[in-house]
Amino acid sequence: MPKKMGVNSKAEEARARKNATEAEKKSREARDKEEQYWREAEGSKSRAAKKREEESEKRAEAAARKAEARRLAEQEEKEPEKAMMKPDKKANRVSIPVKVTEAELRKRKEEEQAEMARKADEAKKRKDRTAEEEEYERMVLRVALRKRLRGSVLLINLPADRHPERRLKASFKVRRFIGTVLMDTSRVCWSRVMRLLSSVKLYNASLAFRIESRNGMCAASGVRMRNQRNESDTLLKKLSSQAQGREARPYTYTIQGHDMEAMEEIS
1 MPKKMGVNSK
11 AEEARARKNA
21 TEAEKKSREA
31 RDKEEQYWRE
41 AEGSKSRAAK
51 KREEESEKRA
61 EAAARKAEAR
71 RLAEQEEKEP
81 EKAMMKPDKK
91 ANRVSIPVKV
101 TEAELRKRKE
111 EEQAEMARKA
121 DEAKKRKDRT
131 AEEEEYERMV
141 LRVALRKRLR
151 GSVLLINLPA
161 DRHPERRLKA
171 SFKVRRFIGT
181 VLMDTSRVCW
191 SRVMRLLSSV
201 KLYNASLAFR
211 IESRNGMCAA
221 SGVRMRNQRN
231 ESDTLLKKLS
241 SQAQGREARP
251 YTYTIQGHDM
261 EAMEEIS
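Heads up: the sequence shown begins at 1 in full-length UniProt numbering, then just goes up one per residue.
As structure tokens, this is what we get:
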């Protein structure tokens with residue numbers, strides 16, 4: 001009988017395996033040649049450099065694994081039913097990270113440092129632009145008073161006091177007025193304060209006004225008498241001694257800047 005015309009399947013399979021092996025061998029040789037070429041181009045590396053590269057690759061792989069685990073955990077939280085199913089191993093394979101050179105790592109580090117410095121500068125500028133409520137009110141009050149009283153200098157030299165009993169009565173009026181100012185500083189009439197200081201012949205008193213903001217008794221802005229109790233007691237003693245027949249000394253009252261002071265000068 002003549003031989004049947006056909007194809008030997010085993011021979012074909014063997015031939016295909018041989019061809020695949022030869023092709024793989026050729027591709028491996030070509031890859032080895034290319035790697036050898038690049039190694040020669042880069043030059044010899046020290047052990048420390050190789051160790052740093054290996055450590056960077058390991059860190060990149062660990063970061064990729066953590067990211068994949070985080071993604072799976074989030075997916076399980078969103079889809080609890082699918083989480084019960086067995087995960088596909090092929091789908092969860094982590095791809096090999098790309099090699100990162102030392103220059104690229106240095107560049108990334110410099111970029112991160114520059115970004116941190118920029119954020120710190122922005123935070124500092126933002127903090128400098130803001131201010132506390134009390135500090136802002138104090139600043140606004142100082143500016144307003146400086147504009148109001150700028151350049152106003154008042155010097156008044158008075159003759160000898162011949163009616164100390166009238167001055168004693170007037171001093172109590174001044175104290176009453178100052179108490180009213182301290183209780184409610186939102187309606188302070190500055191023109192009245194100026195008139196009081198300018199008409200010192202009616203008020204033989206040692207006054208000290210200090211412009212402040214939210215200082216103790218004051219609500220929105222403050223006018224406080226410096227050492228009010230001690231000065232008042234001293235004032236009463238002086239006026240009582242003057243009423244017994246002593247001749248009073250002349251007084252000098254000065255208003256300058258945002259501090260208004262009426263000070264008694266005794267030579």
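Think of the CB as a built atom: it goes at the ideal place given N, C-alpha and C, for glycine as much as any other residue.
Worksheet item: In whole angstroms, what separates the C-alpha of LYS66 from that of GLU79?
Response: 20 Å
Worksheet item: Looking at the structure shown, is residue 268 part of a helix, part of a strand, or coil, going by DSSP?
Response: Since the first residue of the chain shown is 1 and the last is 267, residue 268 is not available in this structure.
Discussion item. Pop quiz: SER56 and VAL7 are said to be a contact at Cβ under 8 Å. What is the actual Cβ separation, rounded to whole angstroms?
Written reply: SER56 to VAL7, Cβ: 54 Å. No contact.
Discussion item. Here's the rule I'm using: 16 or more other beta-carbon atoms within 10 Å means buried, otherwise exposed. How should GLU74 be labelled?
Written reply: exposed
Worksheet entry | Residue burial classification, ARG162 (beta-carbon count within 10 angstroms, cutoff 16) | exposed
Fill in: Buried or exposed (CB count within 10 angstroms, at least 16 for buried), ALA170
buried
Fill in: Backbone CA spacing between GLY139 and LYS125 [nearest angstrom]
Sequence inspection shows Met at residue 139; the Gly mentioned does not correspond to that position. Roughly 19 Å between the two C-alpha positions.
Worksheet entry | As assigned by DSSP and simplified to three states, the class of THR21 | helix
Discussion item. Just verifying my parser: in three-state terms, what is the DSSP assignment at ARG162?
Written reply: coil
Worksheet item: How is VAL143 classed by DSSP in three states: helix, strand or coil?
Response: helix
Discussion item. Tell me the rounded alpha-carbon separation between ARG17 and LYS25.
Written reply: 12 Å
Worksheet item: Are there 16 or more other CB atoms within 10 angstroms of the CB of ARG108, so buried, or fewer, so exposed?
Response: exposed
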